[in-house]
Structure formats: structure tokens, C-alpha cells
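Enquirer: Residue numbers (this note's numbering): 16 to 276. The beta carbon of each residue, even a glycine, is placed where N, CA and C say it ideally should be. Predicted model, so just to flag it, every value in this text is computed and none were measured.
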DNA sequence: ATGCCAGGTAACACCTGA
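1. Specify whether the segment 64–74 and the segment 142–157 touch according to this definition: at least 3 beta carbon pairs, one from each stretch, less than 8 Å apart.
2. Among the candidates 270, 224, 269, 151, whose CA atom is the shortest distance from the CA of residue 200?
3. Checking the sheet assignment: what are the DSSP bridge partners for residue 236?
4. Report the start-end ranges of each alpha helix (DSSP H) in the segment 103–137 that is 4 residues or longer and not cut off at the edges.
5. Thinking residue 249 and residue 268 are a contact (beta carbons under 8 Å), I'd like their distance in whole angstroms, please.
6. Mind checking which residues open and close the beta strand (DSSP E) that includes residue 85?
7. Taking just the CA atoms, how far does residue 172 sit from residue 20?
8. If you count every other CB in all the chains shown that lies within 10 Å of the CB of residue 109, and 16 or more means buried, which is it?
9. If you drop the 5 nearest sequence neighbours on each side, which residues of the same chain put their C-beta closer than 7 Å to that of residue 129?
10. Could you check the C-alpha separation between residue 160 and residue 222 for me, to the nearest Å?
11. Which one or two residues does DSSP pair with residue 231 in a beta bridge?
12. Which one or two residues does DSSP pair with residue 23 in a beta bridge?
As C-alpha cells, then:
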């Protein structure tokens with residue numbers, strides 16, 4: 016069994032104790048991290064190595080930052096999303112597992128406010144992501160694309176669609192980009208396992224969103240069809256969100272059966 | 001309409017997030 020998880024930690028330095036605790040409890044084979052908020056060379060690799068995880072890192076000062084933790088060696092690490100003219104933002108990281116699976120860890124632009132230049136930049140970034148996914152799928156490569164997509168796929172994936180109707184995360188244009196990824200053949204691991212579930216991966220720090228369960232499902236794991244065939248289970252672990260000094264996001268995970276079937 | 005909270009940077013306030 017192989018477990019892959021993704022977690023926007025909102026500062027790896029502040030969240031390190033929670034991440035180490037979760038690694039011990041959940042024991043994922045791969046953990047994608049977003050918003051590490053520290054330069055590549057400042058990533059705290061030692062505590063992960065001591066627990067059997069190596070890290071591939073794409074970081075920058077203060078903002079963004081992504082990483083992949085792995086129990087097994089990673090190869091062919093890339094830190095840019097092709098076609099990205101402005102790759103100054105550390106939002107994307109790819110690596111290949113020993114089993115030949117391409118892993119893509121992403122932190123998509125938020126895109127707010129919608130009236131600003133940030134929204135078209137978000138949409139353009141998603142277009143580049145789709146092009147990258149298509150390239151991998153065209154090569155027949157098994158692909159796990161996981162991270163903070165900053166998109167609410169459907170109305171049921173947010174506590175109140177009306178309350179966030181002006182948000183970039185729920186705009187029809189954003190959802191069209193999400194569906195483009197699905198239309199390529201990628202499978203939403205959580206939704207594939209829980210067709211009718213209402214579950215969130217993010218709750219704002221403000222306004223008592225967590226105790227009121229006013230959340231949204233914006234962190235996702237997309238799978239190429241061959242990997243989706245092997246999908247055994249998926250879930251969202253709410254427990255880290257209730258901890259002291261919690262991130263505003265919580266881990267999303269999925270588990271595979273080994274080998275072909 | 002605004003701030004509500006949290007983190008980082010820089011500096012005792014401002015930016016970003018979603």
C-alpha cells in the first residue's frame with residue numbers, strides 16, 4: 016500500500032512539530048507541502064531525514080514555497096512549471112518516484128481580488144498546469160498532481176456558495192480550469208472515493224470558521240487513470256486543524272493498492 | 001464596507017492569504 020498526502024502548512028518552521036507528529040501518525044510514503052514560506056536552503060531537512068524522509072524543495076523568502084517528502088529516492092526534480100514567464104514564485108515542483116510515478120506538487124495562485132490582475136494570472140497559471148498535465152498523460156506517464164489548487168470544484172465543496180460568491184476560488188472561470196483537468200482524464204481522488212461526502216480542507220482563521228465548520232475543499236489530489244484504477248481509499252484528516260498553532264489547511268490523502276490489477 | 005486571524009518582514013506597520 017502506498018499513501019500520498021498533501022498539506023498546505025502555512026510556514027514549515029511554525030508547523031514543524033505538527034508535521035512531524037502527523038508523519039508519525041499517518042506514515043505517508045509521500046507528503047506534498049505548500050506555503051513552506053522559507054528559502055530552499057533554509058528548509059528544515061534534518062528532522063525529516065532523521066525520520067526517514069528525504070525532501071525535494073522549491074522555496075523562496077516569505078511567500079509560497081513547495082516541497083515533497085519521500086521515504087524513497089526522488090529523481091528528475093523540476094522546480095518550474097513550463098511556460099511560466101514569471102517563475103519567481105515557488106509554486107510548483109515535480110519529481111519521479113522509484114516506481115516511475117511522476118509527482119507534481121503545486122500551490123496555485125489565489126487570484127483575489129477578481130477585479131485585479133491577479134485573477135487572469137491565476138487562470139493563465141491553471142492553463143499552464145493543464146498543458147503540463149496533458150504532456151505527461153500524452154507520454155503515458157502515471158501522474159499524481161496534488162496540492163492547494165485554490166479552486167472550489169462544486170457548490171457542495173463550500174459551506175455557503177453565496178457567502179463566497181465574489182471569491183476567485185469559486186468563479187466560473189476557475190471552475191472551468193478545474194474541469195479541464197478532469198476532462199484530460201485526471202481523477203479527483205477524494206471525490207472518487209466519497210461520491211456524496213461533504214468535506215473541507217481549509218477553514219479561515221477568522222470569524223470562528225473552524226468551530227462553525229465554515230470551510231471549503233480546495234486542496235486536491237488528481238490521479239492519472241492508471242493510478243485511479245489502483246485507488247483504495249482517500250480522505251481528509253481534520254485532526255491537525257484542531258491542534259494548537261494549526262495551519263488553516265489540513266491534510267488530504269489517498270491510498271493505492273500495489274501493482275496492477 | 002470593514003475587520004475579523006496568522007505568518008513573514010521589517011521595524012514598532014504593512015503585505016499576503018482565501
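Expert: With the given structure in hand:
1. Verdict: no, contact absent.
2. Along the first chain, read from residue 1 onward, the residue named residue 200 stands at position 185. The shortest C-alpha separation from residue 200 is found at 151.
3. On the first chain, position 221 is the one that residue 236 refers to. Per the DSSP secondary-structure output, residue 236 pairs in a beta bridge with 161.
4. none
5. Within the first chain, the letter at position 234 stands for residue 249. Within the first chain, the letter at position 253 stands for residue 268. The pair is a contact, with the Cβ atoms about 7 Å apart (cut-off 8 Å).
6. Mapped onto the first chain, residue 85 falls at position 70. Unbroken beta strand (DSSP E) run through residue 85: 81–85.
7. For the purposes of this step, residue 20 is identified with residue 5 of the first chain, where counting begins at 1. For the purposes of this step, residue 172 is identified with residue 157 of the first chain, where counting begins at 1. If you take the alpha carbons of residue 20 and residue 172, they lie about 19 Å apart.
8. Counted from its first residue, the first chain places residue 109 at position 94. The residue in question, residue 109, is buried, as its Cβ has 16 or more Cβ neighbours within 10 Å.
9. Walking along the first chain from the start, residue 129 turns up at place 114. The residues are 181, 183, 186.
10. Against the first chain, residue 160 aligns to sequence position 145. Against the first chain, residue 222 aligns to sequence position 207. Answer to the nearest angstrom: the Cα atoms are 32 Å apart.
11. Locating residue 231 in the first chain gives position 216, counting from the first residue. In the DSSP secondary-structure assignment, residue 231 is bridged to 173, 217.
12. Here residue 23 refers to the residue found at position 8 of the first chain. Paired residue(s): 49.
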